[in-house]
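Student:
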Amino acid sequence: MSDFDHLILGDSREVFDLGTSARVQAATEALAAQTEHEIAIVSRDLEASLYGSLPFIDAIRRMVAARRRNTRIRFLIHDPRPAILNRHRLVDLIRRLSSYLEVRVMGNEYREFNESFFVADRLAYLHRPTGDRFDGRVCFHDPLAARRLLGLFDEMWEYGTHDPNFRRLHL
Numbered sequence: 001m002s003d004f005d006h007l008i009l010g011d012s013r014e015v016f017d018l019g020t021s022a023r024v025q026a027a028t029e030a031l032a033a034q035t036e037h038e039i040a041i042v043s044r045d046l047e048a049s050l051y052g053s054l055p056f057i058d059a060i061r062r063m064v065a066a067r068r069r070n071t072r073i074r075f076l077i078h079d080p081r082p083a084i085l086n087r088h089r090l091v092d093l094i095r096r097l098s099s100y101l102e103v104r105v106m107g108n109e110y111r112e113f114n115e116s117f118f119v120a121d122r123l124a125y126l127h128r129p130t131g132d133r134f135d136g137r138v139c140f141h142d143p144l145a146a147r148r149l150l151g152l153f154d155e156m157w158e159y160g161t162h163d164p165n166f167r168r169l170h171l
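If you read the sequence shown in full-length UniProt numbering, its first letter stands for residue 1, the second for the next number, and so on.
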């Protein structure tokens, strides 16, 4: 059981400092497990330790299996190569479930952006101000901060480009 398993998405207002890879992973998995409709993630390279973990993948599968009309899972990344070359668990899922999961590569306008964040259901967030470090914060209920991050995400999303490596080949 992690430090975050008792928290409730949309209810628990405490802000927790992270600081270690284990805490970031536990918070990521706890957020994903409770998300019902929308995930927006900015990541350097789809960090396999976070977004390739079985609990995270299972949470994504559950969201999609629920077949809610407004389910949307988006990833905005800087470098797709590590995920493709290392056979990241998410890549196959993204290819198979492209009507729910989308990936874009960060546009040139945001190439220097080095933060990482995860917004869940427009209510909760995990934010790492320096994306290649584990220092950061998580809150399971702060709609204002979540919307602010989602606004930034949406702006960057518009400048992002599709990567053909995440598309399924139909032969």
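Cβ coordinates follow ideal geometry from the N, Cα and C atoms, glycine included.
Do you know whose CA, among Ser12, Met156, Val24, His6, lies nearest Asp132's CA?
Tutor: Per the Cα distances, Val24.
Student: If the criterion is Cβ atoms closer than 8 Å, does the pair Leu9 and Ala83 meet it?
Tutor: No, they are not a contact pair.
Student: When you compare the CB positions of Ile39 and Phe140, do they come within less than 8 Å of one another, or not?
Tutor: Contact flag unset, no.
Student: Quick one: using the 10 Å Cβ neighbour count with 16 as the cut-off for buried, is Leu171 buried or exposed?
Tutor: At Leu171, the pLDDT of 46 sits below 50, so the modelled position is not reliable and the matter cannot be decided from this model.
Student: List, from N- to C-terminal side, the alpha helix (DSSP H) runs of 4 residues or more that fit wholly inside the UniProt domain "DUF7931" (22-169).
Tutor: Whole alpha helix (DSSP H) segments, 4+ residues: 48-51, 54-65, 81-85, 89-96, 143-159.
Student: Taking the alpha-carbon positions, what's the His6 to Glu102 distance?
Tutor: The straight-line gap from Cα to Cα measures roughly 30 Å.
Student: Check whether the region 89-100 touches the region 120-129, taking contact to mean three or more Cβ pairs, one atom from each stretch, closer than 8 Å.
Tutor: With the cut-off at 8 Å, the region 89-100 and the region 120-129 do not touch.
Student: Is it right to say Ala29 is buried, meaning 16 or more other beta carbons lie within 10 angstroms of its own, or is it exposed?
Tutor: Per the sequence shown, the amino acid found at residue 29 is Glu instead of Ala. By the 10 Å Cβ count, Glu29 comes out buried.
Student: Do Leu76 and Phe166 have their C-beta atoms within less than 8 Å of each other?
Tutor: Going by C-beta atoms, Leu76 is not nearer than 8 Å to Phe166.
Student: May I have the straight-line CA-CA distance separating His37 from Asn70, to the nearest angstrom?
Tutor: Distance between the alpha carbons of His37 and Asn70 is about 6 Å.
Student: When you compare each of Arg137, Arg128, Arg148 to Glu47 by their alpha carbons, which one comes out closest?
Tutor: Minimum Cα distance to Glu47 is reached at Arg128.
Student: If distances are taken between C-alpha atoms only, which option among Ala27, Arg74, Asp142 comes closest to Arg95?
Tutor: Ranking the options by Cα distance to Arg95, first place goes to Arg74.
Student: Please name the residue, chosen from Phe134, Tyr100, Asn114, Arg104, that lies closest to Gly160 on a Cα-to-Cα basis.
Tutor: Nearest C-alpha to Gly160: Arg104.
Student: Identify whether Phe4 lies in helix, strand or coil by the three-state DSSP scheme.
Tutor: Note: Phe4 maps to coil in three-state DSSP.
Student: Rounded to a whole number of angstroms, what is the C-alpha to C-alpha distance between Ile57 and Ser49?
Tutor: One C-alpha to the other measures close to 11 Å.
Student: In this structure, how does DSSP classify Asp17 when only helix, strand and coil are distinguished?
Tutor: Three-state result, Asp17: strand.
Student: I need the straight-line Cα distance from Pro80 to Ser12, nearest angstrom please.
Tutor: Rounded to whole angstroms, Pro80 to Ser12 spans 34 Å at the Cα level.
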